[in-house]
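Position one of the sequence shown corresponds to residue 3 (the numbering used here), numbered consecutively onward. What follows is a single structure, written as structure tokens, with notes after it.
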Amino acid sequence: MTAPSPPSPAPYGAAAADVHAARKPMTLHRLRALRDAGEKIAMLTAYDAASARLLDDCGVDCLLVGDSLGMVMQGHASTLPVTLEHMAYHTACVARGNRSAWLIADLPFGSYQRGVEQAVDSSVALMQAGAQMVKLEGGGWTVPLVRALVERGIPVCAHLGLTPQSVHALGGYRIQGREAHAADTLRQQAAELGAAGAAMLVLELVPSALAADITAAFPGITIGIGAGARTHGQVLVLHDMLDITTGPKPRFVRNFMQGAASVAAAVSTYVQAVKTGAFPDESIHGYSA
Ligand code: KIV
Numbered sequence: 003m004t005a006p007s008p009p010s011p012a013p014y015g016a017a018a019a020d021v022h023a024a025r026k027p028m029t030l031h032r033l034r035a036l037r038d039a040g041e042k043i044a045m046l047t048a049y050d051a052a053s054a055r056l057l058d059d060c061g062v063d064c065l066l067v068g069d070s071l072g073m074v075m076q077g078h079a080s081t082l083p084v085t086l087e088h089m090a091y092h093t094a095c096v097a098r099g100n101r102s103a104w105l106i107a108d109l110p111f112g113s114y115q116r117g118v119e120q121a122v123d124s125s126v127a128l129m130q131a132g133a134q135m136v137k138l139e140g141g142g143w144t145v146p147l148v149r150a151l152v153e154r155g156i157p158v159c160a161h162l163g164l165t166p167q168s169v170h171a172l173g174g175y176r177i178q179g180r181e182a183h184a185a186d187t188l189r190q191q192a193a194e195l196g197a198a199g200a201a202m203l204v205l206e207l208v209p210s211a212l213a214a215d216i217t218a219a220f221p222g223i224t225i226g227i228g229a230g231a232r233t234h235g236q237v238l239v240l241h242d243m244l245d246i247t248t249g250p251k252p253r254f255v256r257n258f259m260q261g262a263a264s265v266a267a268a269v270s271t272y273v274q275a276v277k278t279g280a281f282p283d284e285s286i287h288g289y290s291a
């Protein structure tokens with residue numbers, strides 16, 4: 003009788019070379035093809051070269067240099083203190099470590115609020131640091147910015163729902179779009195951003211049914227975080243899913259280090275869980291007390 007084969011090791015280190023060899027650089031075209039084929043898109047945040055290389059080698063489709071780095075790297079209580087210089091620095095670090103994942107960088111608070119010209123200048127800085135797409139938060143007033151960036155050849159990811167740069171205006175990290183009028187506003191904003199050319203949309207902390215509605219109508223790719231399982235893909239903050247975040251922990255986050263032999267194994271499990279639909283749990287939203 004033959005012994006059962008051991009579980010496949012995470013594709014990192016020597017094995018990763020083979021995975022990488024088979025991995026073509028991700029493009030917007032390929033991301034759309036994944037969406038059209040019904041394959042879920044796995045995204046994680048990354049802030050440095052070593053983790054970018056590890057995530058890329060483990061099959062993460064998109065890396066987000068999130069301004070969450072203000073909290074997990076810099077120890078601030080919010081993303082508000084993060085500057086464009088910080089974002090450009092971390093984007094360049096991630097770009098040096100990454101080989102094939104699609105690389106998105108956040109426009110930080112204060113780097114686009116003054117209008118189109120500032121948004122273009124800030125986006126140019128991030129694209130020159132190695133980003134392939136920029137992300138900005140909010141709807142309505144951001145529509146002309148999105149249109150201007152797209153017209154200038156800069157791919158844009160919009161971000162609706164819980165938008166952390168507006169944490170004080172929103173009254174904390176709480177679910178958005180629960181009431182009918184708030185849900186209608188988010189649907190309308192998503193439609194306008196899609197029409198303006200946003201190729202991707204992050205939906206954070208919104209009810210699953212609303213995320214599903216927006217996903218059905220949005221012309222681009224939707225990525226959820228605390229927004230149920232019916233978006234085209236998922237994103238988590240790396241430090242949250244590795245359970246090394248201090249402070250309040252979102253309830254929708256799963257600790258992928260639990261039972262994992264290594265960080266690479268945890269990341270590979272996350273990718274598989276997103277691809278198979280085992281993550282996220284459709285019913286979990288919100289931050290734990
Ligand atoms: O900054 C960030 O990490 C983000 C994700 C939470 C989507 O915007």
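We put the beta carbon where it would ideally sit given N, CA and C, even for glycine.
Using a Cβ-Cβ cutoff of less than 8 Å, which residues in the same chain neighbour residue i once the five nearest sequence positions on both sides are dropped?
i      : result
Leu172 : Leu164, Thr165 and Gln178
Gln120 : Ser113 and Tyr114
May I ask you to report which of helix, strand or coil DSSP gives residue i?
i      : result
His88  : helix
Ala183 : The residue you asked about is not Ala; residue 183 is His in the sequence shown. His183: helix per DSSP, three-state reduction.
Ile106 : strand
Tyr49  : coil
Met75  : coil
Pro8   : At Pro8, the pLDDT of 40 sits below 50, so the modelled position is not reliable and the matter cannot be decided from this model.
Gly199 : coil
Ala291 : Low local confidence applies: a pLDDT of 31 at Ala291 is under 50, so the model's placement there is unreliable, and no value is given.
Cys64  : strand
Ala263 : coil
Ala280 : coil
Ala294 : Coverage of the chain is limited to positions 3 through 291, which leaves residue 294 absent and any answer about it impossible.
Taking 7 Å as the limit between beta carbons, can you name the residues of its chain near residue i, skipping five residues before and five after?
i      : result
Thr85  : Pro110
Leu212 : Gly179, Ala185 and Leu188
Arg232 : Ser210, Ala213, Ala214 and Thr217
Met3   : Low local confidence applies: a pLDDT of 39 at Met3 is under 50, so the model's placement there is unreliable, and no value is given.
Any heavy atom of the ligand KIV closer than 7 Å to the beta-carbon of residue i?
i      : result
Thr233 : no
Asp108 : yes
Thr271 : no
His161 : yes
Val276 : no
Ile227 : yes
Can you list, in chain order, the residues of its chain whose CB lies under 6 Å from that of residue i, leaving out five sequence neighbours each side?
i      : result
His241 : Val74 and Thr247
Do residue i and the ligand ATP come close, with the Cβ less than 7 Å from some heavy atom?
i     : result
Gly68 : In the structure shown, the ligand ATP is absent; the only ligands present are the ligand KIV.
Within the chosen definition, does the segment 229 to 237 reach the segment 188 to 196 through at least 3 CB pairs nearer than 8 Å?
-> no
State whether the segment 75 to 84 contacts the segment 260 to 280, with contact taken as three or more CB pairs (one from each stretch) at a distance under 8 Å.
-> no
With a floor of 3 residues, list each beta strand (DSSP E) that falls wholly inside the segment 201 to 245, ordered by position along the chain.
-> 202 to 206, 223 to 227 and 235 to 238
Determine, using beta-carbon pairs with one atom in the segment 150 to 170 and one in the segment 193 to 203, whether at least three such pairs fall under 8 Å.
-> yes
Complete beta strand (DSSP E) runs within the segment 130 to 176 (minimum length 3 residues, chain order) = 135 to 139 and 158 to 163
Spell out a yes or no on whether the segment 38 to 47 and the segment 121 to 138 are touching, meaning 3 or more CB-CB pairs, one atom from each, closer than 8 Å.
-> no
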